[in-house]
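Residues in the sequence shown are numbered from 721 upward in steps of one, following our numbering. Notes follow once the structure below has been shown.
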Amino acid sequence: MSLIQHIQEHNARYASRFDRSKLALPPARQWAIVACMDARLTVEEVTGIGTGDAHIIRNAGGLATDDAIRSLVISTHLLGTNEFAIIEHTGCGMLTFEEEPVQRQIAERTGAETKSLRLYPFRDLEANLREQVRRVVSSQLLPKGIPVTGFVYEVETGRLRAAVAGITGAIAAGVTHDQTRAEEETKVGEEARG
Numbered sequence: 721m722s723l724i725q726h727i728q729e730h731n732a733r734y735a736s737r738f739d740r741s742k743l744a745l746p747p748a749r750q751w752a753i754v755a756c757m758d759a760r761l762t763v764e765e766v767t768g769i770g771t772g773d774a775h776i777i778r779n780a781g782g783l784a785t786d787d788a789i790r791s792l793v794i795s796t797h798l799l800g801t802n803e804f805a806i807i808e809h810t811g812c813g814m815l816t817f818e819e820e821p822v823q824r825q826i827a828e829r830t831g832a833e834t835k836s837l838r839l840y841p842f843r844d845l846e847a848n849l850r851e852q853v854r855r856v857v858s859s860q861l862l863p864k865g866i867p868v869t870g871f872v873y874e875v876e877t878g879r880l881r882a883a884v885a886g887i888t889g890a891i892a893a894g895v896t897h898d899q900t901r902a903e904e905e906t907k908v909g910e911e912a913r914g
């Protein structure tokens, strides 16, 4: 069966029992998640998030690219999300290649110029996840004070592990939510005394 046949057959069954026409445009839980597109990672199943609960932004690697940040900007400024997660995973295909050889391969297959094509492979999952959280928390386009948590999904066990956290507008990723809150409370206390 082809993809189009599968989609059409499944959708006919889905539409016959559809009951979600009353869902609101903004996500009910005010969350947004950036996640890898890997077929082994079904974000809704892994997290227990239902339809209408959160924006789910997927790409190769679960990267906070300019386009993913654009989606977060729309999600928060226009649709009210106030907490973000980034989910990457073990065994990611982005760990398996180097950019230049793949650029050359694509150029040979297509005849297209690929020097400007950025694929963003990485060698270290944890370091990459920290970098993605850093990119989000340091974005000047996002409101200050939004918690951002980076998770590693283990494809071998199904477990999801919080690995890094930060808050938009904070100085650096890796600062936990509790540390940042404590710093904010200290600052407020100092301002009240001063």
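Backbone N, C-alpha and C define an ideal beta-carbon position, used for all residues, glycine too.
Rounded straight-line distance, which links the Cα of residue j to that of residue i
i, j, result
"Leu-761", "Arg-749", "21 Å"
"Ala-885", "Ile-806", "10 Å"
"Asn-779", "Ser-736", "31 Å"
"Pro-867", "Thr-801", "11 Å"
"Gly-768", "Phe-871", "15 Å"
"Glu-846", "Ile-826", "28 Å"
"Arg-843", "Arg-733", "43 Å"
Sheet register partners of residue i (DSSP bridge)
i, result
"Cys-921", "Within the shown structure, residues of the chain are numbered from 721 to 914, placing residue 921 beyond reach of any answer."
"His-809", "Tyr-873"
"Val-793", "None, per the DSSP bridge assignment."
"Phe-804", "Ala-752, Val-868"
"Ala-885", "Thr-869"
"Ala-784", "Answer is none; Ala-784 lacks a bridge partner."
Sub-8 Å separation of residue i and residue j beta-carbons
i, j, result
"Ala-744", "His-775", "no"
"His-809", "Asp-773", "no"
"Arg-855", "Ala-755", "no"
"Gly-831", "Gly-865", "no"
Cutoff 8 Å: residue i Cβ touching any chain C Cβ
i, result
"Ala-832", "The structure shown has no chain C; it contains just one protein chain."
Continuous beta strand (DSSP E) stretch holding residue i: start and end
i, result
"Ala-744", "Careful: Ala-744 lies outside any beta strand (DSSP E) and carries neither H nor E."
Presumed contact (8 Å Cβ cut-off) between residue i and residue j, rounded CB distance
i, j, result
"Glu-811", "Val-875", "First, the amino acid is wrong: residue 811 is Gly here, not Glu. Indeed, because the Cβ distance is near 5 Å, the residues count as touching under 8 Å."
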